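Asker: I am attaching a structure below and will ask some questions about it afterwards.
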């Protein structure tokens, strides 16, 4: 993909940056019990209620949408 002229010097589009960010690990607190998930990108879990664990952002968002966890914001995001 060709880089567009960007006054800030970024060679990635917003969509490309979003795609890369989805693999960042983030902390969640599950509210359900589930065995480990064996996925192509790695093994995540097991999940136990109220015990925090690290998962990729895309998995955290999917679990949150289904009401299965809460997402803990990273420290750099706290004000």
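In our numbering, the protein residues as written are 4 to 82. Just so it is clear, CB atoms sit at the ideal spot from N, CA and C, and this is done for glycine as well. Small disclaimer: the values here were computed from a predicted structure and weren't measured.
#1: Under the assumption that residue 60 contacts residue 29 (Cβ atoms under 8 Å), give the Cβ distance between them as a whole number of angstroms.
#2: Beta carbon of residue 31, beta carbon of residue 63: below 8 Å?
#3: Which residue's Cα is closest to the Cα of residue 75: 36, 56 and 39?
#4: Using the three-state DSSP reduction, which class does residue 20 fall into: helix, strand or coil?
#5: How about residue 50 and residue 36: are their beta carbons less than 8 Å apart?
#6: Could you give the DSSP three-state label for residue 60: helix, strand or coil?
#7: Please list, in chain order, all residues of the same chain as residue 25 whose beta carbon is under 6 Å from its beta carbon, the five residues on each side excluded.
Answerer: Inspection of the coordinates gives the following:
#1: As a position in the chain shown, residue 60 is number 57, starting the count at 1. As a position in the chain shown, residue 29 is number 26, starting the count at 1. Sure, about 5 Å apart at Cβ, within 8 Å.
#2: Within the chain shown, the letter at position 28 stands for residue 31. Within the chain shown, the letter at position 60 stands for residue 63. In contact: residue 31 and residue 63 (Cβ atoms closer than 8 Å).
#3: Mapped onto the chain shown, residue 75 falls at position 72. Nearest C-alpha to residue 75: 56.
#4: Translated into positions along the chain shown, residue 20 becomes position 17. Here residue 20 sits in helix by DSSP.
#5: As a position in the chain shown, residue 50 is number 47, starting the count at 1. As a position in the chain shown, residue 36 is number 33, starting the count at 1. Yes, the pair counts as a contact, with Cβ atoms nearer than the cut-off.
#6: Residue mapping note: residue 60 aligns to position 57 of the chain shown, counting from 1. Three-state result, residue 60: helix.
#7: For the purposes of this step, residue 25 is identified with residue 22 of the chain shown, where counting begins at 1. Closer than 6 Å at the Cβ level, and outside the excluded window around residue 25, lie 60 and 61.
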